[in-house]
Amino acid sequence: MSKQPDIKLITTDDGSHSLYVSRLNETYHSFHGAVQESVHVFIKSGLQYKTQQATQPSCSIFEVGLGTGLNALLTAEYAHDHQLKINFTSIEAYPLKAELTDHLNYCNYLKAPEAPEWFSKIHQSKWNIDEPIHNHFLLKKIDKKLEEFSLPEAAFDIIYFDAFAPSKQEELWSYDILNKIVQAMKPDAVFVTYCAKGQLKRDLKNLGLTVNSLPGPPGKKEMVQAVKQ
Ligand SMILES: C[S@@+](CC[C@H](N)C(=O)[O-])C[C@H]1O[C@@H](n2cnc3c(N)ncnc32)[C@H](O)[C@@H]1O
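Each residue of the sequence shown is one higher than the last, beginning at 962 in my numbering.
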């Protein structure tokens, strides 16, 4: 297994780990707290917002950037705690090696004793097929670039848009990519991201979404939540 020498494990302000990519001078999460950010942006403003609107037995989520698997793990915990069936599809162009993911301390932040087992399964499961992580959480990891992947139409209730920042990876925030994502959303589906750039908000509005600028996680003024009509 080849190493990923340009990626280094770091500790963020809430004690949880993240990764620093020297090639991009970019981190996978906020310096102010990786777990704190993921919980605020993706779990509370996306998953909890959507699933507490109306009782639903299941929910389908598409994530851009599996990365460390932190969002997948927190979502697996939510599915377990709320006995909610979640189908989680996550695309990742540059899968991380086990030598990095094995050292991530995210399981310390979960109450469930099964967390380490779920986290290992998230990283060890096969690519491009549905794999059960537990009774309520089905994971499909896709090892492709988002630009090259055809998304199914009107398939997802929630989008976790967790690409690197537009200043580092502009191509993933283009109007065409956002359009592809919006087409994959069901009516009333919710799109969430940590990014709050004006161009993103204008593009999502032009694509017909209702855009809400919400308070961001600690250290960040705003984040975007956008709802499809
Ligand atoms: C901000 S990090 C995401 C973090 C991840 N959600 C987590 O919690 O660790 C962005 C992720 O997008 C992935 N990525 C970069 N370019 C991509 C592309 N063209 N298509 C799909 N994924 C991509 C990166 O490898 C990285 O894992």
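For each residue, glycine too, the CB sits at the ideal point set by N, CA and C.
Item	Value
Coil, strand or helix - residue 1100 by DSSP	strand
7 Å Cβ shell around residue 967 - same chain, five flanking residues per side excluded	982, 983, 984
Exposure label - residue 1104; buried when at least 16 CB within 10 Å	exposed
Cα-Cα separation, residue 1020 to residue 991	27 Å
Collapsed DSSP secondary structure at residue 1136 in the structure displayed	helix
Which residues DSSP lists as bridging residue 970, in chain order	980
Sub-8 Å separation of residue 1172 and residue 1107 beta-carbons	no
Within-8 Å CB hit, residue 1154 to chain B	Absence of chain B from the displayed structure is noted, only one protein chain being present.
heavy atom of ligand 1 below 7 Å from residue 1122 C-beta	no
Beta-carbon gap between residue 1114 and residue 1145 smaller than 8 Å	yes
Beta strand (DSSP E) segments (min. 3 residues) lying fully within the stretch 1062-1103	1091-1095, 1098-1103
Nearest to residue 1164 (by Cα), restricted to the options 1147, 1185, 1176	1185
Residue 1110, buried or exposed, once every other Cβ within 10 Å from all chains shown has been counted against 16	exposed
Cβ pair count under 8 Å reaching 3, the stretch 989-1004 against the stretch 1077-1088	no
Cβ-heavy atom distance, residue 1076 to ligand 1, below 7 Å	no
DSSP bridge partner residues for residue 1151 (one or two, in chain order)	1119, 1188
CA-to-CA distance, residue 1182 to residue 1166, given in whole angstroms	20 Å
Contacting residues, own chain, Cβ-Cβ under 6 Å from residue 999 (five flanking each side not counted)	1031, 1032, 1035
Secondary structure of residue 1057, DSSP reduced to three states	coil
Identified DSSP bridge partners for residue 1032	According to DSSP, residue 1032 bridges with nothing at all.
Residue range of the alpha helix (DSSP H) that includes residue 1166	1159-1167
Minimum C-alpha distance to residue 1049 - residue among 1057, 1130, 1187, 1038	1038
For residue 1175: DSSP bridge partner residues	1184
Opposing strand residues paired with residue 1047 [DSSP bridges]	1020, 1098
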